[in-house]
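Peer 1: Below are the structure tokens for one structure; questions will follow.
Numbering (our numbering), first residue to last: 3 to 98.
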């Protein structure tokens, strides 16, 4: 069942804002899947910075900034990041 048109517009606006945040941090969005449901943003796919020479600390910093920035978007109730190469263990991010 499709959401009403006003919800579809809201969801695509949130998706657009999320993609803009990924791009501003220099992360590749081509293979990522963005979905919005009830104000919750879910991002699934590989965690790939455009620059391959980043250290683990820099990647870790990017993931933490990413999570903070996504949660700052107005009307976002939650953020779910399921990224290959960056996982959350015991409340802390681990980057490979």
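All C-beta atoms, glycine included, are put in the ideal place defined by N, C-alpha and C.
All values derive from a computational prediction rather than experimental measurement.
Along the chain, which unbroken stretches of the alpha helix (DSSP H) at least 4 residues long are found entirely within the stretch 60-88?
Peer 2: Here no run is fully enclosed.
Peer 1: Please classify residue 74 as buried or exposed, where buried requires at least 16 other C-beta atoms within 10 Å of its C-beta.
Peer 2: As a working mapping, residue 74 is identified with position 72 in the chain shown. Flag for residue 74 reads exposed.
Peer 1: State the DSSP-derived secondary structure class of residue 36, mapped to helix, strand or coil.
Peer 2: For the purposes of this step, residue 36 is identified with residue 34 of the chain shown, where counting begins at 1. In this structure, residue 36 counts as strand in the three-state DSSP scheme.
Peer 1: How far does the beta strand (DSSP E) with residue 94 in it reach, from first residue to last?
Peer 2: Along the chain shown, one-based indexing puts residue 94 at 92. Residue 94 -> beta strand (DSSP E) spans 94-97.
Peer 1: Please return the same chain residues whose Cβ sits closer than 7 Å to the Cβ of residue 38, not counting the five positions on each side in sequence.
Peer 2: As a position in the chain shown, residue 38 is number 36, starting the count at 1. Taking C-beta separations shorter than 7 Å and ignoring five residues to either side along the sequence, the partners of residue 38 in its chain run 13, 16 and 17, following chain order.
Peer 1: Is it buried or exposed for residue 45, if we count other Cβ within 10 angstroms and need 16 for buried?
Peer 2: Counting from 1 along the chain shown, the entry for residue 45 is found at position 43. Buried: at least 16 other Cβ atoms inside 10 Å.
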